[in-house]
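Encoded as structure tokens, the structure appears first; notes follow it.
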Amino acid sequence: MLKIDEIHTYYGQSHILQGVSLEIAAGECVALLGRNGAGKTTTMRSIMGMTPPRRGRIALDGAEITGLSTHQIARAGIGYVPSGRRVFSELTVRQNLDLAAHDAKGTVGPWTVERVLEMFPKLVELSGRGAGFLSGGEQQMLKLGRALLRNPKLLLLDEPTEGLAPVVVKDLFRWIKRLMREDLSILLSEQNSSFALNISDRGYILEKGQIRFSAPSSELANSREIRTYLGIDSKTVAG
Amino acid sequence: MNLQVIVIEGLSAMTTAASLFIIAAGLSLIFGALRVINVAHGTLYMYGAYFMATLFAASGSGWLFWVGLLVAPLFVAAIGAIAEVTLLRRVYERDHLVQLLVTYSLFLILSDLALRFWGTASLSANQPPSLSGAAMVGGVMFPAYDLFVIGCAVAMGLALWALLGRTMLGWKIRAAVEDPETLAASGTNVKRLFTLVFAIGSGLAGFGGAVIAPLQSVDPGMGQSVIVSAFIVAVIGGLGSIAGAAIGATLIGIVEAVGIFYLPSWAPAFIFVAMIVVLAVRPVGLMGQKLGY
Ligand SMILES: Nc1ncnc2c1ncn2[C@@H]1O[C@H](COP(=O)(O)OP(=O)(O)OP(=O)(O)O)[C@@H](O)[C@H]1O
Ligand SMILES: [Mg+2]
Chain A
975 MLKIDEIHTY YGQSHILQGV SLEIAAGECV ALLGRNGAGK TTTMRSIMGM TPPRRGRIAL
1035 DGAEITGLST HQIARAGIGY VPSGRRVFSE LTVRQNLDLA AHDAKGTVGP WTVERVLEMF
1095 PKLVELSGRG AGFLSGGEQQ MLKLGRALLR NPKLLLLDEP TEGLAPVVVK DLFRWIKRLM
1155 REDLSILLSE QNSSFALNIS DRGYILEKGQ IRFSAPSSEL ANSREIRTYL GIDSKTVAG
Chain B
249 MNLQVIVIEG LSAMTTAASL FIIAAGLSLI FGALRVINVA HGTLYMYGAY FMATLFAASG
309 SGWLFWVGLL VAPLFVAAIG AIAEVTLLRR VYERDHLVQL LVTYSLFLIL SDLALRFWGT
369 ASLSANQPPS LSGAAMVGGV MFPAYDLFVI GCAVAMGLAL WALLGRTMLG WKIRAAVEDP
429 ETLAASGTNV KRLFTLVFAI GSGLAGFGGA VIAPLQSVDP GMGQSVIVSA FIVAVIGGLG
489 SIAGAAIGAT LIGIVEAVGI FYLPSWAPAF IFVAMIVVLA VRPVGLMGQK LGY
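Heads up: the sequence lines are chains A and B, in that order.
Quick note: the first sequence uses our numbering, first residue 975, plus one each step.
Quick note: the second sequence uses our numbering, first residue 249, plus one each step.
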């Protein structure tokens, strides 16, 4: 599905990603873990062409997407759910969704505004509300819904659990599981390593812009060394 | 002061306000979306006026006025689109000084081209026969064309309000103002959207020039004289706010009318005083900072 080959990404002079390679197979959920500032967001921004890598290649389904602009990469079939409160706060919830649907015109796939509202019934009551007034969990629904409307082959989720109440994190777990059942490929960046390792098939661990480990998630979760590195308390990784 | 004087003064204040709004709206739209102060906006306005005047020199028949009203904005919008693609889009990420220099150079280029095409002599555009008489308003006779200008300003304000609030294009423009990256990730070609916004803003300037042309002489200086007052109006209203531009224009129209009535020799200074007072109280202008409607 996605193949990242030795990319080097910079912010101005600072060399952030130093030869990152990563692969996601069709239908796979891959976790991207690492401490603050490791380069998880930068990896996603590199894929999306927001901070294009200066060296290396990125290919989606065999077709090179390196050097394309962001909207072309989106149209190639990648949905991006950025971290933080990145909804269009001046627009209503419904306008946010309609805008995404308009941008996705011509795509084929199961996702329509109706189906997104079915998945997140809460958004129906909120449809007339300014998106800037939503809670963190509600914004997460909206961001996810907006990305799904693209009918993407691959979904990039950047720290979706950040700032969510535990109940909502459980909901998020169910949503991601459901998307996995629908054969969507997912790259999931997380600080919450136990959440990510619980749900993903494989994981990569980034450190200072380089991949340090990669292995099936169960293996990562069971390794004492990795758990200590990620700071996971052994009790929280059950299953 | 009797009632008739008040009505007449009020209407001329509204006419001033209307022509100010017609020019300032595009300036404010462009600033709101692209964060660029387009010094060449007045020159684009002048192109609209020249276009109208040239059309009349060619024939002088009334229906060409309506054609000009339609085609002048498109002509100027096309100039704006070319300028955006070749110059402006390269400097959105740069600091304000660089942007100012680029729009200033655009101003110089366009002014020179205008001199080459139209020379230094002043042209004039006629009012169409259907609008050249006087109309009765509130018991007084008032030039019909002035009322038409007021109507154009109101229509333009409503159209912009509807565009930004009610249409997909408007939502995208507002989304692009807030977070262009996220909009691009949703599949919008943001570069092209910005070109379109600049073309619309330029088209509004061209429309303004075409509407105002029959009221004054069309000459190489008209762009410069208008950009300062348009800028003041946009700043008073809050750069980027269309409603603010409307309020700013109304305020300046009233200030100017009152000034001319009581202290004619000081009137030109009043609009600067108004700007200073507003900015001292509210540095972001009356309607704040964001692009709104
Ligand atoms: N716009 C920027 N300009 C300069 N440096 C940046 C910029 N954004 C991020 N960085 C730097 O790049 C490095 C990687 O940042 P990145 O945001 O990718 O980390 P992350 O793994 O997503 O961290 P977090 O878990 O905190 O979100 C950090 O050292 C950060 O300081
Ligand atoms: Mg991050």
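Idealized CB from N, CA, C, for every residue including glycine.
Quick caveat: nothing in here was measured; it's all calculated off a predicted structure.
Within chain B, the residues that A:S1069 reaches when beta carbons sit closer than 7 Å: Checking the sequence shown, residue 1069 of chain A turns out to be Gln, not Ser. The contacting residues are W419.
B:L268, enclosing beta strand (DSSP E) - first and last residue: It is not in any beta strand (DSSP E) - B:L268 instead sits in the alpha helix (DSSP H) that spans 251-282.
CB contact check: B:T415 to chain A, cutoff 8 Å: no
Inter-residue spacing [alpha-carbon to alpha-carbon] between B:T498 and B:V466: 24 Å
For B:L292 and B:F304, believed in contact at Cβ under 8 Å, the rounded distance: Between B:F304 and B:L292, the beta carbon gap of about 20 Å keeps them out of contact (Cβ cut-off 8 Å).
Inter-residue Cα distance where the pair is B:A331 and B:H289: 12 Å
B:Q472 beta carbon near ligand 1 (any heavy atom closer than 7 Å): no
Residue from A:G1080, A:N1196, A:R1059, A:G1023 with nearest C-alpha to A:I981: A:G1023
Buried versus exposed, by CB contacts within 10 Å (16 or more), A:G1049: The displayed chain sequence assigns Arg, not Gly, to residue 1049 of chain A. A:R1049 should be labelled buried.
Same chain, Cβ closer than 6 Å to B:G496, five either side skipped, listed in chain order: Residues of the same chain with a CB within less than 6 Å of the CB of B:G496, apart from the 5 flanking positions on each side, are V481, I484, G485 in chain order.
B:A433 beta carbon near ligand 1 (any heavy atom closer than 7 Å): Outside the cutoff, so no.
Candidates B:L335, B:Q375, B:D360: closest to B:T368 by CA position: B:D360
Chain-ordered neighbours of B:R422 on chain A, where CB pairs are closer than 8 Å: Within chain A, the residues near B:R422 are F1062, E1064, L1065.
Of the residues A:G1177, A:I978, A:R1152, the one placed nearest A:T1040, counting alpha carbons only: The residue with the shortest Cα to Cα distance from A:T1040 is A:I978.
Whole-angstrom distance between B:A383 and B:T297, CA atom to CA atom: First, the amino acid is wrong: residue 297 of chain B is Ala here, not Thr. For B:A297 and B:A383, the distance between alpha carbons rounds to 25 Å.
Test item: CB-CB of A:G1137 and A:L1007 under 8 Å: no
Given B:E575 as reference, the closest of B:V503, B:G280, B:N374 once Cα atoms are compared: No answer is possible for residue 575 of chain B: it lies beyond the span of chain B, which begins at 249 and ends at 541.
C-beta neighbour in chain E for A:R1120, strict 8 Å: Absent here is chain E; the protein component of the structure consists of chains A and B.
Short CB-CB distance (under 8 Å) between B:D427 and chain A: It does; some Cβ of chain A falls within 8 Å.
Residues that A:L1073 contacts on chain B, provided the C-beta gap is smaller than 9 Å: M416, W419, K420, A423, L431, S434, T436
Same chain, Cβ closer than 8 Å to A:I1032, five either side skipped, listed in chain order: A distance below 8 Å between beta-carbons, with the five flanking residues on each side excluded, links A:I1032 to the following residues of its chain, in chain order: L976, K977, I978, D979, I981, S1020, I1021, E1038, I1039, T1040.
Segment limits, alpha helix (DSSP H) that includes A:V1082: Where A:V1082 is concerned, there is no enclosing alpha helix (DSSP H), given that its DSSP letter is neither H nor E.
Buried/exposed call for A:Q1114, threshold 16 Cβ in 10 Å: Within a 10 Å sphere around the beta-carbon of A:Q1114 sit 16 or more other beta-carbons, which makes this residue buried.
At least three beta-carbon pairs within less than 8 Å, the stretch 443-456 of chain B to the stretch 1077-1092 of chain A: Touching, no.
Where A:A1078 meets chain B, residues with beta-carbon distance less than 7 Å: G435
Cβ-heavy atom distance, A:E1133 to ligand 2, below 7 Å: A:E1133 Cβ: within cutoff of ligand 2.
Cα-Cα separation, A:V1098 to A:S1192: Going from the Cα of A:V1098 to the Cα of A:S1192 covers about 37 Å.
is_contact[A:R1028, chain B] using C-beta, thresh 8 Å: no
Contained beta strand (DSSP E) runs [length at least 3] in the stretch 985-1059 of chain A, N- to C-terminal order: 988-998, 1003-1007, 1029-1034, 1052-1055
The stretch 1120-1136 of chain A / the stretch 1055-1063 of chain A touching (three or more Cβ pairs under 8 Å): yes
A:L1162 - DSSP class collapsed to helix/strand/coil: strand
For A:A1121 and A:L1153, the rounded distance between their alpha carbons: 12 Å
Proximal residues of chain B, C-beta to C-beta of A:Y1054 below 9 Å: T430, A433, S434
Within-8 Å CB hit, A:R1103 to chain B: no
Simplified DSSP state of B:V476, which is helix, strand or coil: helix
A:V1123 classed as buried or exposed, judged by whether at least 16 other C-beta atoms fall within 10 angstroms: For clarity, residue 1123 of chain A is Leu in the given sequence; the question names Val instead. Buried is the call here.
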